[in-house]
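Residue numbers (the numbering used here): 7 to 366. Beta carbons are placed, not taken as given, at the ideal position from N, Cα and C, and that holds for glycine.
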Amino acid sequence: MQASAEEYSNELFETQSINYPTLLFLDPFILQDGQLEITPAAASIPPLILRLIGDVNDIHDTAAKFFDHIHLWMPFISKKRFYDIHLRTLPPSQSDVVLLLLCLRLITTLPPARPRDARTPLYYAAKHFFLDIEGEGSFSILVLQACILLGLYEIGHGIYPAAFLTIGACARYAHALGFNVSKTVKSRKVLTLVEAEERRRVWWAIVILDRFVNIGCPGRPFATAEPELNDLLPADDAEWDQGIVNPDNLCTLLEPLTGHMSRFALLCQAARLLGQVLQHLSSGTAEDDDVSIQLDRTLQSMLAASLDVEVPDEYQIAFIYSCLVALQYPLLSSPNVVLGERSQRAQEVFIFNYLKPKKR
7 MQASAEEYSN
17 ELFETQSINY
27 PTLLFLDPFI
37 LQDGQLEITP
47 AAASIPPLIL
57 RLIGDVNDIH
67 DTAAKFFDHI
77 HLWMPFISKK
87 RFYDIHLRTL
97 PPSQSDVVLL
107 LLCLRLITTL
117 PPARPRDART
127 PLYYAAKHFF
137 LDIEGEGSFS
147 ILVLQACILL
157 GLYEIGHGIY
167 PAAFLTIGAC
177 ARYAHALGFN
187 VSKTVKSRKV
197 LTLVEAEERR
207 RVWWAIVILD
217 RFVNIGCPGR
227 PFATAEPELN
237 DLLPADDAEW
247 DQGIVNPDNL
257 CTLLEPLTGH
267 MSRFALLCQA
277 ARLLGQVLQH
287 LSSGTAEDDD
297 VSIQLDRTLQ
307 SMLAASLDVE
317 VPDEYQIAFI
327 YSCLVALQYP
337 LLSSPNVVLG
347 ERSQRAQEVF
357 IFNYLKPKKR
């Protein structure tokens, strides 16, 4: 019996090995001497996936649609790096690049009108291919960006609870990559300012979606931690699109802005406030005048800042309105006489800010 056990042990030792992604996850201090990402080598891509992303012209058309529309209000993919690196060699051979292109195709494709069902074959193909890539142990920011696009698609088309689960997966994947984790684990991998900015924007995109996906149920825990006051906000959007990041112009949540705030930075601040609103509503002290009034004032100031630009961003403004509605909604049907004035204020938020016709 002992001999057979030893033979089994030897056989197990000889046949099992620990791959690098597993080793990296179990011992994150390896990051101090190694690479933060594991880019998959060229692999055999399923023919169905290649057909879905299309030929070279289709890929360029998809990229143009994304950067001309969605990127304007959710800029977490570096436009310059995308075109300079990922579209330089087409058709793509790396699975993470193909996955990102597939999810870009998904987010820029409208579902059929009749029947109106966002769970299209393209959607299921993207979900399944993501699971395949994840199972391969790919450790890449491109995979994370693709997952964010999946979550954004699910939120936009009301695919729940899948959207909630996908955003949670994004947060876990970001933690595995070392994004926004303990400062004691540092990587010696040299990052350009644009790369560092892209990682920052990816993390903020997850924070934004994590708050928004919970807006209907304040009691659910967030998948991401509360942003700290010393966390850096995204840099200027226009400069970043050109591959320019000026570290002297970066600011934190704590520091007052001395110049024009970029759209995405303002959206990040709004997401932090939405998180505070949801935590306040779930704390059992939603009728606390001081906290609610302060949150309302801050959101109103942010709304004014969003409108005080040459071309107001409707998506950003809608997000801030959502924060105000979430904050004031519990008061609309409050039987408490003492809250009569605040209930009236809540109605004003709906009537004058939320339901009034928008100027064109």
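Assigned with DSSP and collapsed to three states, Q322 falls in helix. Cβ neighbours of I51 within its own chain (closer than 7 Å, five residues either side excluded): S101 and V104. In the three-state scheme derived from DSSP, where H, G and I count as helix and E and B as strand, Q151 is classed as helix. The alpha carbon of G174 has as its nearest neighbour, out of L197, I154, F185 and A131, the alpha carbon of I154.
For N255, the number of other beta carbons within 10 angstroms of its own is below 16, and it is reported as exposed. Rounded to the nearest angstrom, the gap between the Cα atoms of Y166 and H134 is 17 Å. Looking at the backbone, the Cα of V219 and that of D61 are separated by about 34 Å. DSSP, read as helix, strand or coil, puts F145 in strand.
Residue pairing by DSSP places L259 opposite no residue, since no beta bridge is assigned to it. By alpha-carbon distance to R87, the top candidate from T198, S312 and Q285 is T198. Taking the C-beta atoms as reference points, L273 is found nearer than 8 Å to F325.
In this chain, V317 is not harboured by any alpha helix (DSSP H), its DSSP state being neither H nor E.
Assigned with DSSP and collapsed to three states, L238 falls in strand. Taking C-beta separations shorter than 8 Å and ignoring five residues to either side along the sequence, the partners of L96 in its chain run V62 and I65, following chain order. Counting along the chain, the unbroken alpha helix (DSSP H) around H286 starts and ends at R269 to S288.
Of the residues assessed, G184 falls on the buried side of the cut-off, its CB having 16 or more other CB atoms within 10 angstroms. Segment contact: the stretch 71-78 against the stretch 109-126, three or more CB-CB distances shorter than 8 Å; contact assigned.
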